[in-house]
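Residue numbers (the numbering used here): 23 to 199.
A virtual CB, placed ideally from N, CA and C, is assigned to each residue, including glycine.
Please read these numbers as outputs of a predicted model, since none were measured by experiment.
Below is one structure, written out as structure tokens, with a few remarks after it.
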């Protein structure tokens, strides 16, 4: 039995080769590339920086706007071009997914959040109440985001936000988590 020592660089290279063959990592990388490619309109492995949040959310991660800004800064070029390159995005996103960062809130947490807003305990909010809460405090929604939310949230027959029903719509598909 002969003992040979290998350098740290050789060890890291060997580990990298093993990691690249890891079926979980292979699957994660496929999902990242697939999501990225949808927004790579030029086919040159770049996306508009404004699409990064949508890509990240499509992969089941839901960072706050501040956290999203930090992620973008991590992968943006030193001279901001308005574009993000896949070669920088992929390792960052793989790390985020492997660490299970920015997981969606549970159904119970979302219902509790709406219950805090429902001061009269009526199990619903009016569109006006919801709009007031979402556009005046914290990370405020834009008018476009608010319109989109209300389109999904307001019960078309009753004209109110039945938040337990809306929470069910908000949850990601179970197969994606």
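Check	Outcome
Let me check understanding here. Comparing Cα to Cα, which of 83, 71 and 79 lies closest to residue 96?	71
Can you look up residue 106 in the DSSP assignment and give me helix, strand or coil?	strand
Rounded to whole angstroms, what is the Cα-Cα separation between residue 160 and residue 175?	20 Å
Use the C-beta contact count for residue 83: other C-beta atoms within 10 angstroms, 16 or more gives buried, fewer gives exposed.	buried
Between 179, 123, 85 and 183, which has its C-alpha nearest residue 140's C-alpha?	183
Excluding sequence positions up to five away, which residues of its chain have a Cβ less than 7 Å from the Cβ of residue 20?	No statement about residue 20 is possible, as the shown extent of the chain runs from 23 to 199 and does not include it.
Would a C-beta distance cut-off of 8 Å place residue 50 and residue 116 closer than the cut-off?	yes
Between the Cα of residue 56 and those of 90, 112 and 189, spot the shortest distance and give me the residue it belongs to.	112
May I have the straight-line CA-CA distance separating residue 132 from residue 189, to the nearest angstrom?	7 Å
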